[in-house]
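Residues 266 to 615 (my numbering) are what the sequence shown spells out, left to right.
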Amino acid sequence: MRRDRHILAAQIAIISEVVALVSANLPILIVAVLAIHLVRNFTTKGVSKIPGPFLAKISNIWRFVDVARGRAHETHIKLHAQYGQYVRLGPNLVSVQNLEASKKIYGVNKGYRKTEFYAVQQQLSNGRPTQTLLKTLDEDFHAKIKRPISNFYSMSTLTEFECFVDSTIEKLLEKLDEFAEAERECDLATWLQYCKFVDDHEVFSWTLSNVNAGSDTTAISLRAVLYYLLKNPTNLDKVMKEIVSARESGNMLRPVTWKESQELPYLDAAIKEALRLHLAVGLLLERIVAKAGIQQPDGLFLPEGTVVGINPWVMHRHPAFGTNLDAYIPERWLQGKHESLDTDISSSSL
266 MRRDRHILAA
276 QIAIISEVVA
286 LVSANLPILI
296 VAVLAIHLVR
306 NFTTKGVSKI
316 PGPFLAKISN
326 IWRFVDVARG
336 RAHETHIKLH
346 AQYGQYVRLG
356 PNLVSVQNLE
366 ASKKIYGVNK
376 GYRKTEFYAV
386 QQQLSNGRPT
396 QTLLKTLDED
406 FHAKIKRPIS
416 NFYSMSTLTE
426 FECFVDSTIE
436 KLLEKLDEFA
446 EAERECDLAT
456 WLQYCKFVDD
466 HEVFSWTLSN
476 VNAGSDTTAI
486 SLRAVLYYLL
496 KNPTNLDKVM
506 KEIVSARESG
516 NMLRPVTWKE
526 SQELPYLDAA
536 IKEALRLHLA
546 VGLLLERIVA
556 KAGIQQPDGL
566 FLPEGTVVGI
576 NPWVMHRHPA
586 FGTNLDAYIP
596 ERWLQGKHES
606 LDTDISSSSL
């Protein structure tokens, strides 16, 4: 019994000395642990040699601050101009600007899972996150809810629903006519936001995915098209002449149908160029590299678990789109050189 007491007393004494030692050197220990953590981040296997801002390599705080400022898309464009096709934006995050890599990263059944980037966008219902087609992280659940409706998103099916959109377009045009007749200024940004207008019945019948995914993205795209046309009167004049010519020849009704719009090549080019320059999404659409890793077309290998993503703003300034990439030049789409890039615009925008 006495021996046990001596052992217990000795243990307490040792613990007291350790606590005292830690307390006396706590600031040093905190700095040491932090330093080890930052060094481990900096030397993350597989991405340590990829160029990027120093602070981004050691902590995600740099990325958080950049996104919070609301200009991340501009930062990413500058960094890719400085470092090339691959830029390290976090301890384990790589931004990619490679057309071939985008097909693998976002391809169907490629095994690239979504990150928590999507989870934070999930709406809460009774305190629980709501799983939707766009924001779920569960691949099986995604496939399950996509399978019954995927056919409804084909272009051939979407054109059958034009009549349901026409009434909203007519209401918008009537309102714009009112502003024009009264010679009043019109806040196009606000009224274009109303283009996703739905009534109370539709609000309850539509899914959260369609409402949220189709609201701001549609309005932003419409604003971009009008913004660039109004900022470039020469291009606007060409669009107007093409539309007037089509109406006078009886080849276009009001509202314009999808089929009729395909016979207006300059309008089509003007829309594509606006969407190339100004996307609704300005952040990386993150994916986790699959088990086998990913071999980039130029030889770079990224191991399993690396977070990769493409910012549409960066991809749409790829040299494959021609020169003067920050300039609004609809004509680049009429030269026949970039027709194959239509799919790259749509895929990197989703």
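From the three backbone atoms N, C-alpha and C, an ideal C-beta is built for every residue, glycine too. Note that the structure is predicted; figures quoted are calculated from it, not measured.
- Message: Here's a check: name, in chain order, each residue in its chain whose Cβ is nearer than 8 Å to the Cβ of Ser-612, leaving out the five neighbours to either side.
- Response: As a first step, residue 612 must be located in the sequence shown, where it is residue number 347. Because Ser-612 sits at a pLDDT of 45, beneath the cut-off of 50, its placement in the model cannot be relied upon, and the following sentence gives the value as read from the coordinates. Answer for Ser-612: Ser-367, Lys-368 and Tyr-371, listed in chain order.
- Query: Does DSSP put Gln-386 in a helix, a strand or coil?
  - Reply: The residue given as residue 386 occupies position 121 in the sequence shown. Gln-386 falls in the coil class under three-state DSSP.
- Message: Any heavy atom of the ligand PLP closer than 7 Å to the beta-carbon of Pro-318?
- Response: Although the ligand PLP was asked about, the structure shown includes no ligands whatsoever.
- Query: Would His-583 be called buried (16 or more neighbouring beta carbons within 10 Å of its own) or exposed?
  - Reply: Counted from its first residue, the sequence shown places residue 583 at position 318. In the assembly as shown, His-583 is a buried residue. Its beta-carbon has 16 or more other beta-carbons within 10 Å.
- Message: Let's see if you can read the secondary structure: which residues bound the alpha helix (DSSP H) around Arg-353?
- Response: Residue 353 sits at position 88 when you count from the first residue of the sequence shown. No alpha helix (DSSP H) contains Arg-353, which is instead part of the beta strand (DSSP E) from 351-355.
- Message: Just to confirm the assignment, what range does the alpha helix (DSSP H) spanning Leu-549 have?
- Response: Your numbering for residue 549 matches position 284 in the sequence shown. No alpha helix (DSSP H) contains Leu-549, which DSSP labels as neither H nor E.
- Task: Report the rounded CA-to-CA distance for Glu-513 versus Asp-452, giving the unit in angstroms.
- Result: Here residue 513 is taken as the residue at index 248 of the sequence shown, counted from 1. Here residue 452 is taken as the residue at index 187 of the sequence shown, counted from 1. Those two C-alpha atoms are separated by around 30 Å.
- Expressed to the nearest angstrom, what Euclidean distance is found between the alpha-carbon atoms of Glu-525 and Ile-508? Taking the sequence shown and counting its residues from 1, one reaches residue 525 at position 260. Taking the sequence shown and counting its residues from 1, one reaches residue 508 at position 243. Their backbone Cα atoms lie some 10 Å apart in a straight line.
- Over the uninterrupted alpha helix (DSSP H) stretch that includes Val-509, give me the two end residues. As a working note, residue 509 is residue 244 in the sequence shown. Element bounds for Val-509: 498-513.
- Query: Around the Cβ of Ser-470, are there at least 16 other Cβ atoms within 10 angstroms (buried) or fewer (exposed)?
  - Reply: Locating residue 470 in the sequence shown gives position 205, where the first residue counts as 1. Here the model assigns Ser-470 a pLDDT of 43, short of 50, so the residue's position is not dependable and the matter cannot be decided.
- Query: Exposed or buried, Ala-337, counting other C-beta atoms within 10 Å across all chains shown (16 or more means buried)?
  - Reply: To locate residue 337, count along the sequence shown from 1; it is residue 72. It is buried - the Cβ of Ala-337 has at least 16 other Cβ atoms within 10 Å.
- Message: Rounding to the nearest angstrom, what Cα-Cα distance links Ile-622 and Leu-438 in this structure?
- Response: Outside the shown range of the chain (266 to 615) lies residue 622, about which nothing can therefore be said.
- Message: Just to confirm before moving on: does the CB-CB distance between Glu-427 and Trp-523 stay below 8 Å?
- Response: Looking up residue 427 in the sequence shown gives position 162. Looking up residue 523 in the sequence shown gives position 258. Yes.
- Query: Which first and last residues belong to the alpha helix (DSSP H) in which Leu-358 is found?
  - Reply: Indexing the sequence shown from 1 puts residue 358 at position 93. Careful: Leu-358 lies outside any alpha helix (DSSP H), inside the beta strand (DSSP E) at 358-361.
- What's the call for Val-284, buried or exposed, on a 16-neighbour Cβ count within 10 Å? To locate residue 284, count along the sequence shown from 1; it is residue 19. Around the beta-carbon of Val-284, fewer than 16 other beta-carbon atoms lie within 10 Å, marking it exposed.
- Entirely within the region 527-587 and at least 3 residues each: give me those beta strand (DSSP E) ranges in chain order. 572-574
- Where does Pro-394 sit, in a helix, a strand or coil, going by DSSP? Translated into the one-based positions of the sequence shown, residue 394 becomes position 129. The answer is strand: DSSP assigns Pro-394 an E or B state.
- Message: I need the straight-line Cα distance from Asp-405 to Lys-379, nearest angstrom please.
- Response: What you label residue 405 is simply residue 140 of the sequence shown in a count that begins at 1. What you label residue 379 is simply residue 114 of the sequence shown in a count that begins at 1. Whole-angstrom Cα-Cα distance: 12 Å.
- Query: Any idea if Glu-446 is buried or exposed, counting beta-carbon neighbours within 10 angstroms, 16 or more meaning buried?
  - Reply: Looking up residue 446 in the sequence shown gives position 181. With fewer than 16 other Cβ atoms within 10 Å, it is exposed.
- Query: For Lys-556, which residues from the same chain have a beta carbon less than 6 Å from its beta carbon, with the 5 sequence-adjacent residues on both sides left out?
  - Reply: Locating residue 556 in the sequence shown gives position 291, where the first residue counts as 1. The residues are Glu-569.
- Message: For Gly-558, which residues in the same chain have their Cβ closer than 7 Å to its Cβ, ignoring the five residues on either side in sequence?
- Response: On the sequence shown, position 293 is the one that residue 558 refers to. Taken in chain order, the residues that qualify are Phe-566, Leu-567, Pro-568 and Glu-569.
- Task: Taking Gly-317 as the reference, give the member of Ser-390, Leu-549, Val-359 and Ala-534 with the closest Cα.
- Result: In the sequence shown, counting from the first residue as 1, residue 317 sits at position 52. With distances taken between Cα atoms, Gly-317 lies closest to Val-359.
- Message: I need the DSSP call for Arg-449, collapsed to helix, strand or coil.
- Response: Reading the sequence shown from its first residue, position 184 is the one you call residue 449. Arg-449: coil per DSSP, three-state reduction.
- Query: Skipping 5 residues on each side, what residues in its chain have a beta carbon closer than 6 Å to that of Gln-350?
  - Reply: Here residue 350 refers to the residue found at position 85 of the sequence shown. These residues qualify, in order along the chain: Gln-362 and Asn-363.
- Under 6 Å Cβ to Cβ from Ile-323, same chain only, skipping five residues before and after it: list those, please. Locating residue 323 in the sequence shown gives position 58, counting from the first residue. Leu-303, Asn-306 and Phe-307, listed in sequence order.
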